[in-house]
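Single-structure report; data block below.
Number of protein chains: 2
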Amino acid sequence: MSRAYNFCAGPATLPESVLRQARDEMLDWRGTGMSVMEMSHRSDEFVQIAETAEKDLRELAGVSDDYAVLFMQGGASSQFSTIPLNLLGEKDSADYVNTGIWSKKAIAEASRYGKVNVVASSEDSGFTTIPDQSSWQTSADAAYLHYTPNETIGGLEFDFVPDSPGTPLVADMSSSMLSRPVDVSRFGVIYAGAQKNIGPSGLVVVIIRKDLLGKARKQTPTMMNYQVIADNGSMYNTPATYSWYLAGLVFKWLKEQGGVKAMGEVNLRKARKLYDFIDTNEFYANPIDPRFRSWMNVPFTLADDALNGEFLKGANARGLLNLAGHRSVGGMRASIYNAMPEAGVDALIDYMTEFAKERG
Amino acid sequence: MSRAYNFCAGPATLPESVLRQARDEMLDWRGTGMSVMEMSHRSDEFVQIAETAEKDLRELAGVSDDYAVLFMQGGASSQFSTIPLNLLGEKDSADYVNTGIWSKKAIAEASRYGKVNVVASSEDSGFTTIPDQSSWQTSADAAYLHYTPNETIGGLEFDFVPDSPGTPLVADMSSSMLSRPVDVSRFGVIYAGAQKNIGPSGLVVVIIRKDLLGKARKQTPTMMNYQVIADNGSMYNTPATYSWYLAGLVFKWLKEQGGVKAMGEVNLRKARKLYDFIDTNEFYANPIDPRFRSWMNVPFTLADDALNGEFLKGANARGLLNLAGHRSVGGMRASIYNAMPEAGVDALIDYMTEFAKERG
Numbered sequence: 007m008s009r010a011y012n013f014c015a016g017p018a019t020l021p022e023s024v025l026r027q028a029r030d031e032m033l034d035w036r037g038t039g040m041s042v043m044e045m046s047h048r049s050d051e052f053v054q055i056a057e058t059a060e061k062d063l064r065e066l067a068g069v070s071d072d073y074a075v076l077f078m079q080g081g082a083s084s085q086f087s088t089i090p091l092n093l094l095g096e097k098d099s100a101d102y103v104n105t106g107i108w109s110k111k112a113i114a115e116a117s118r119y120g121k122v123n124v125v126a127s128s129e130d131s132g133f134t135t136i137p138d139q140s141s142w143q144t145s146a147d148a149a150y151l152h153y154t155p156n157e158t159i160g161g162l163e164f165d166f167v168p169d170s171p172g173t174p175l176v177a178d179m180s181s182s183m184l185s186r187p188v189d190v191s192r193f194g195v196i197y198a199g200a201q202k203n204i205g206p207s208g209l210v211v212v213i214i215r216k217d218l219l220g221k222a223r224k225q226t227p228t229m230m231n232y233q234v235i236a237d238n239g240s241m242y243n244t245p246a247t248y249s250w251y252l253a254g255l256v257f258k259w260l261k262e263q264g265g266v267k268a269m270g271e272v273n274l275r276k277a278r279k280l281y282d283f284i285d286t287n288e289f290y291a292n293p294i295d296p297r298f299r300s301w302m303n304v305p306f307t308l309a310d311d312a313l314n315g316e317f318l319k320g321a322n323a324r325g326l327l328n329l330a331g332h333r334s335v336g337g338m339r340a341s342i343y344n345a346m347p348e349a350g351v352d353a354l355i356d357y358m359t360e361f362a363k364e365r366g
Numbered sequence: 007m008s009r010a011y012n013f014c015a016g017p018a019t020l021p022e023s024v025l026r027q028a029r030d031e032m033l034d035w036r037g038t039g040m041s042v043m044e045m046s047h048r049s050d051e052f053v054q055i056a057e058t059a060e061k062d063l064r065e066l067a068g069v070s071d072d073y074a075v076l077f078m079q080g081g082a083s084s085q086f087s088t089i090p091l092n093l094l095g096e097k098d099s100a101d102y103v104n105t106g107i108w109s110k111k112a113i114a115e116a117s118r119y120g121k122v123n124v125v126a127s128s129e130d131s132g133f134t135t136i137p138d139q140s141s142w143q144t145s146a147d148a149a150y151l152h153y154t155p156n157e158t159i160g161g162l163e164f165d166f167v168p169d170s171p172g173t174p175l176v177a178d179m180s181s182s183m184l185s186r187p188v189d190v191s192r193f194g195v196i197y198a199g200a201q202k203n204i205g206p207s208g209l210v211v212v213i214i215r216k217d218l219l220g221k222a223r224k225q226t227p228t229m230m231n232y233q234v235i236a237d238n239g240s241m242y243n244t245p246a247t248y249s250w251y252l253a254g255l256v257f258k259w260l261k262e263q264g265g266v267k268a269m270g271e272v273n274l275r276k277a278r279k280l281y282d283f284i285d286t287n288e289f290y291a292n293p294i295d296p297r298f299r300s301w302m303n304v305p306f307t308l309a310d311d312a313l314n315g316e317f318l319k320g321a322n323a324r325g326l327l328n329l330a331g332h333r334s335v336g337g338m339r340a341s342i343y344n345a346m347p348e349a350g351v352d353a354l355i356d357y358m359t360e361f362a363k364e365r366g
């Protein structure tokens, strides 16, 4: 087939123009006679690619010079250890909000390095809502407050940035980074695995307030020490150069789309359209508190689970791919990141309408 | 220009046919409507890509079922911590051989986790030779014996596999992996950053004897725990999928070349040709003990360092790229990994001959 609409939660669809450019530059980047993936990371050419990507990201996300931007490896899952190893410092505990599977993974890993205080949890509701911040039991001596702005599997998303006076706020933005405007100055650390809104897997972007550097525990692996990575411009060792280059192409594309604000408007429109359809068609359902429905990941169920296989088969036949829900929850999930065009959402709704009509 | 001869030490040149295939498959992998980098790592398609790559690597390197093959992130530098964290176990010390800059980095990192016994060092000679194994001061209680078969910066390479009865032998094969036949069964762990002979940076391949799994220290980051990575088929989290795919294409290419034995013969021929030229032309010199000269990285100096800039400029103009030595040692270095064709070495020798004639 030609290009399909790929609703995968990650690795996720990328802008077609980015892939075309990567394809055209594969054997010879701008007359150098080399692919970007064959370039020394210390060459003038790659340093220019790397610095431009950082500059564009800073511009897109509104990252001030008070923050370092790091291009690391290992995905968000490595950050689950890197965060406590670097931020606990002399303190022994950290606050975590539990809103789903990814929160729980972050909590489990942090618990291996210190005391985790779960300040709030929506587990009782099946992770269908976000506990109001007035009910959170934060601790005075927490080294930081960690939360997951968007739960990729559950499809649950914060519509606010938590207040965290005096305690650095840390966010796993893997599946919401650059999807709508966020005030970076309210955060101590933002980290995001690249494979949703940024680029290919194998890259994790970290935005860290500079005063939080230099506090790593003694036995922190050097490659996980934020200070070392920052001091070396993310080139303490050979970084994931090709992923970094692709991230740069995605940032350029995002600027061409009008930046994060314009993208946020498109994303809201895409999400509303799909949720409105689900809410008005009896055959489909989404369990999440409407206020906290994710703009990026839209889980839904059919009226009869026995039809799931048939639904997916028909979707595949139309080039609507990867709509199966996460293996831990079942049902369906449409991930509609930045690179998913509105036409993809329209095509999905057309198919869902037809399927419900025929089989509902 | 069209494709140059790229002598970069890493990220390094890749086979042109691999890049062509990656280019052709960039927007649509075999009719799926997706790029490989957009595929779920758990999809049938990617699992097939991943498993085929592992199978081909096992076949090429002769890896038996007694070993697990892991596709990890973070490069060899992450392994410098991962190795002691996983292998020290209840022991407190490990043996390391010091033959150059990369050995020293591995030693420095391991020293943060236990006692490092440097069993032998050629630092006194400026790392121009390998100490005879009869002189090594190994310790009876070492958890493992670590060495660097090929020192990428110094251009120094072991021509033997050390004996290590009763102690697991651990090797950083980043710059020599798959370049000549090696008896894997003599090793406890082999690890290799991909960006020399395997694929793009952002991937590190680990081959570990299964009885060495499950000994990680308590506070080992989960993403650095070999047992966890092995139990999850290197998909505990999202792996570097695109790099893995490219590694698979390189493995296929290597099989087409006749495998590691045939490649080793070509590599020996390439290296001999270049060293013979350097030894017979008074304008050039290589300081390494001939027995231990690297087949992969050939450092050399000009008779007059003041001509280095001119030499590099002339080389660039002919499409002979990245011949500058490592910033820590200066001079020149030609890295001639598997993917460097013999014609590239011939072109380099032609240029060196001419330059020496004109400027010598």
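Protein sequence lines correspond, in order, to chains Z and U.
If you're matching positions, the first sequence starts at 7 in my numbering and goes up one per residue.
If you're matching positions, the second sequence starts at 7 in my numbering and goes up one per residue.
Note that beta-carbon positions come from the ideal geometry of N, C-alpha and C, so glycine has one too.
Computed from a prediction, not measured in an experiment: that's the story for all the values here.
Where residue i sits in the DSSP three-state scheme
i: U:Lys121; result: strand
i: Z:Thr154; result: coil
i: Z:Met229; result: helix
i: Z:Ala330; result: strand
i: Z:Glu96; result: coil
i: U:Asp285; result: helix
i: U:Ala116; result: helix
i: Z:Ala15; result: coil
i: U:Tyr343; result: coil
i: U:Asn314; result: helix
i: U:Leu308; result: strand
i: Z:Ser127; result: strand
i: U:Met78; result: strand
i: U:Asp189; result: coil
i: U:Ile294; result: coil
i: U:Asn104; result: strand
i: U:Asn322; result: helix
i: Z:Ile196; result: strand
Under 7 Å from the C-beta of residue i: neighbouring residues of chain U
i: Z:Asp310; result: Going along chain U, no residue has its Cβ under 7 Å from Z:Asp310, so there is no contact; the nearest lies around 25 Å.
i: Z:Thr19; result: Glu44
i: Z:Ser87; result: Pro227, Thr228, Met229
i: Z:Ser84; result: Pro227, Met229
Neighbourhood of residue i by C-beta, 6 Å cutoff - its chain only, sequence neighbours within 5 removed
i: U:Pro17; result: Gln201, Ser207
i: Z:Met241; result: His47
i: Z:Ala362; result: Asn287, Phe289
i: Z:Thr158; result: Ala15, Ser181, Asn303
Nearest to residue i (by Cα), restricted to the options the options
i: U:Ser180; options: U:Leu274, U:His332, U:Gly336, U:Glu163; result: U:Glu163
i: Z:Met183; options: Z:Ala149, Z:Asn303, Z:Glu262; result: Z:Asn303
i: U:Asp310; options: U:Met338, U:Ala323, U:Asp285, U:Arg297; result: U:Met338
i: Z:Leu280; options: Z:Gly265, Z:Arg297, Z:Ile355; result: Z:Ile355
i: Z:Asp147; options: Z:Phe86, Z:Ser341, Z:Val122; result: Z:Val122
i: Z:Ser117; options: U:Pro227, U:Gly205, U:Tyr11; result: U:Pro227
i: U:Trp334; options: U:Ile107, U:Glu115, U:Tyr197, U:Pro187; result: It should be noted that the sequence gives Ser, not Trp, for residue 334 of chain U. That would be U:Ile107, whose Cα lies nearest to the Cα of U:Ser334.
i: U:Val211; options: U:Tyr343, U:Ala345, U:Gly80, U:Gly68; result: U:Gly80
i: Z:Lys61; options: Z:Val256, Z:Gly315, Z:Ala10, Z:Pro347; result: Z:Val256
i: U:Met45; options: U:Met230, U:Thr247, U:Arg215, U:Pro21; result: U:Thr247
i: Z:Arg365; options: Z:Gly336, Z:Gly320, Z:Ala340; result: Z:Gly320
Neighbourhood of residue i by C-beta distance below 7 Å, restricted to the same chain and skipping five residues each side
i: Z:Leu318; result: Leu329, Ala330
i: Z:Glu115; result: Phe86, Ser87
i: U:Asp165; result: Arg297, Phe298
Listed by chain order, chain U residues near residue i by CB distance under 9 Å
i: Z:Gln54; result: Per Cβ cutoff of 9 Å: no residues; Z:Gln54 is ~15 Å from chain U at best.
Residue i: contacting residues in chain Z (beta-carbon distance under 9 Å)
i: U:Asp34; result: Met7, Ser8, Arg9, Ala10
Chain-ordered chain Z contacts of residue i [CB-CB under 7 Å]
i: U:Asn243; result: Gly81, Ser83
i: U:Tyr232; result: Simply none; closest approach about 14 Å.
i: U:Gln201; result: Thr244
i: U:Tyr119; result: Gln225
Residues near residue i by beta carbon distance below 8 Å, same chain, minus five either side
i: U:Phe283; result: Tyr290, Ile355, Met358, Thr359
Contacts that residue i makes with chain Z (C-beta to C-beta distance below 8 Å)
i: U:Ser41; result: Leu20, Leu25
Counting only Cβ-Cβ distances shorter than 8 Å, please list the residues of the stretch 326 to 352 of chain U near chain Z, keeping chain order. Leu327, Asn328, Arg333
Any C-beta of chain U within less than 8 Å: which residues of the stretch 95 to 117 of chain Z qualify? Glu115
What are the residues of the stretch 155 to 176 of chain Z that lie near chain U, defined by any Cβ-Cβ distance shorter than 7 Å? none
Beta carbons nearer than 8 Å to chain Z: which residues of the stretch 128 to 158 of chain U have them? none
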